[in-house]
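Residue numbers (UniProt numbering): 27 to 506.
Below is one structure, written out as structure tokens; the observations come after it.
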Ligand code: FAD
Ligand code: S2G
Ligand code: ZN
């Protein structure tokens with residue numbers, strides 16, 4: 027499959043795994059931390075979207091930093107390529123090997139090291155699952171500063187490595203602002219301890235920030251120190267139906283002025299994307315059928331105060347004819363159901379048609395162009411055989427998820443969409459990858475969002491951190 031799908035790509039001059047290598051790995055980690063049986067290894071070779079797959083023969087599951095260090099030192103000495111892997115929920119093909127790179131999974135590096143109740147600083151291993159961290163923090167009146175639909179599977183090391191955004195970005199900002207420290211292992215096995223826990227530390231270059239968003243190409247993240255905010259005492263969710271995307275922007279403005287400091291999320295979805303959840307999961311929509319929907323969340327410290335704010339905001343929106351229909355709740359299970367209408371979209375689209383192929387674009391655009399690209403794509407797809415062309419995403423971050431699903435892979439449709447979507451986005455000053463990263467799928471479009479000089483400096487950094495290029499080859503940086 028790999029050879030067929032990437033005929034243009036040549037496997038790098040890396041060593042092929044031998045019995046001797048396996049014996050060496052067995053001296054570093056115990057037998058139950060090594061997978062070599064093809065049926066055990068297979069799932070680790072294919073990504074969540076089931077669209078990118080490698081043919082690695084070995085999965086290594088280190089338990090701690092020292093084991094990672096010994097593994098990487100050995101792989102570097104032996105010129106063995108490595109694919110760092112967290113929860114394997116990445117959607118840009120970065121999480122799995124392209125050829126037979128050894129997979130180093132953080133699955134067993136899942137210990138919480140400390141939670142400071144005063145500063146809210148959490149220190150944990152990179153393999154901790156996001157949802158587990160949030161539950162552990164909730165018991166101490168804290169919460170994670172990020173949340174995403176993949177929370178049940180993604181690892182905090184993967185979140186950091188992709189600089190994940192998610193649905194709390196509007197409230198708590200990026201991981202660059204919330205990650206205080208990182209411990210990582212470089213390709214040569216050297217442990218880089220940048221695990222600071224102070225909010226302020228301006229002593230030299232901010233090396234930890236280089237690992238945030240480096241997608242496993244500069245080092246393997248082994249520990250993270252992250253600043254966690256207090257768990258909000260009062261959360262409410264509104265779900266509304268609207269006539270047009272222009273009205274979504276007006277309602278977003280209204281939400282910022284009326285809800286102000288308690289606004290914690292503002293997500294949009296168009297009819298095709300939300301209806302795919304209703305159809306696939308057989309759930310009821312809480313509002314009448316509309317062309318667009320928005321989910322608005324408030325998080326504060328006073329339930330009645332926030333509920334009053336939210337209700338008056340909705341009344342204003344309806345009075346101004348911006349909102350067609352809406353519902354509000356502070357009841358946890360109902361809030362969960364409303365969130366499912368938004369967070370269930372990726373999975374629903376993937377499962378809407380048996381064996382469908384989904385083109386996923388994760389772009390930042392100025393508000394005026396935010397949804398226009400969906401209509402542009404529909405025009406270009408006129409008369410072609412496609413099942414869905416839809417848009418959903420994080421309005422507050424100007425981050426749209428444009429998805430086009432077709433019954434099966436088609437080079438013709440690929441040529442209609444690419445490079446058009448990326449060039450169109452770049453034309454309006456947007457980013458060709460807002461939060462998912464470049465991975466394997468978007469290396470040839472990096473130049474549309476970064477200058478040639480910047481890409482050259484990235485190559486120089488890669489040369490400093492991983493001179494033999496063993497870490498996640500074929501990812502992020504385009505072939506020279
Ligand atoms: P993986 O997929 O395993 O790996 C991702 C990349 O990081 C790969 O390049 C891998 O090599 C590298 N990597 C992983 N662990 C390490 C490590 N310890 N050290 C160095 N490199 C490492 N993303 C968003 O940003 N926002 C969203 O709202 C969002 N919603 C999602 C919803 C669903 C249903 C799904 C399936 C995915 C969603 N994603 C979202 C994408 C994905 O969940 C994120 O990119 C996530 O951060 C990946 O974490 P992971 O642990 O699964 O990493
Ligand atoms: C989201 C998930 C991945 C995708 O739902 O916010 O980031 O593009 C996405 O479907
Ligand atoms: Zn997203």
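No residue lacks a Cβ here, since even glycine has one placed at the ideal position from N, Cα and C.
- With a cut-off of 8 Å, the C-beta of residue 129 is classified as distant from ligand 2, since no heavy atom of the ligand falls inside that distance.
- Contact annotation, residue 98 with residue 215: C-beta distance approximately 5 Å; criterion of less than 8 Å satisfied.
- For residue 140, the enclosing beta strand (DSSP E) stretches over residues 138-141.
- The straight-line gap separating the alpha-carbon atoms of residue 330 and residue 342 is approximately 18 Å.
- Contact check for residue 120 against residue 502 passes: the beta carbons are separated by less than 9 Å.
- Relative to the non-hydrogen atoms of ligand 1, the Cβ of residue 109 comes within a distance shorter than 8 Å of at least one.
- Here the distance from the Cβ of residue 174 to the nearest heavy atom of ligand 3 is below 8 Å.
- Within the stretch 85-129, complete beta strand (DSSP E) segments of at least 3 residues are found at 108-111, given in chain order.
- Residue 274 sits in a helix when the DSSP states are folded into three classes.
- A contact between stretches requires three or more CB pairs, one per stretch, nearer than 8 Å, and the stretch 396-408 fails this requirement with the stretch 359-374.
- DSSP places residue 251 in the strand class (E or B) of the three-state scheme.
- Judged by DSSP in its simplified three-state form, residue 386 adopts strand.
- For the 9 Å CB-CB criterion, residue 127 and residue 441 do not form a contact.
- Between residue 315 and residue 267, the gap from beta carbon to beta carbon is short of 9 Å.
- Residue ranges of uninterrupted beta strand (DSSP E) with 3 or more members are absent from the stretch 431-501; none lies entirely inside it.
- Counting along the chain, no alpha helix (DSSP H) covers residue 296; the unbroken beta strand (DSSP E) around it starts and ends at 289-296.
- Beta bridge pairing from DSSP links residue 260 with 326.
- DSSP places residue 48 in the helix class (H, G or I) of the three-state scheme.
- In this structure the stretch 306-321 does not lie against the stretch 444-461, because fewer than three pairs of beta carbons, one per stretch, are closer than 8 Å.
- About 4 Å separates the Cβ atoms of residue 59 and residue 87, confirming a contact at the 8 Å cut-off.
- DSSP places residue 320 within a strand segment (E or B) once states are collapsed to three.
- For ligand 2, no non-hydrogen atom lies closer than 8 Å to the CB of residue 298.
- Within the chosen limit of 8 Å, ligand 3 does not reach the beta carbon of residue 323 with any heavy atom.
- Taking 8 Å as the cut-off, the C-beta of residue 160 does not count as close to any heavy atom of ligand 3.
- If you draw a straight line from the Cα of residue 114 to the Cα of residue 158, it comes to about 16 Å.
- Here the alpha carbon of residue 218 sits roughly 9 Å from the alpha carbon of residue 233.
- In the DSSP assignment, residue 399 falls outside any beta strand (DSSP E) and within the unbroken alpha helix (DSSP H) covering 398-406.
- Bounds of the beta strand (DSSP E) holding residue 351 are 351-355.
- At a cut-off of 4 residues, the continuous stretches assigned as alpha helix (DSSP H) that sit fully inside the stretch 174-234 are 182-188, 195-198, 201-204.
- Judged by beta-carbon spacing, residue 82 lies beyond the 9 Å limit of residue 48, meaning their Cβ atoms are not closer than that value.
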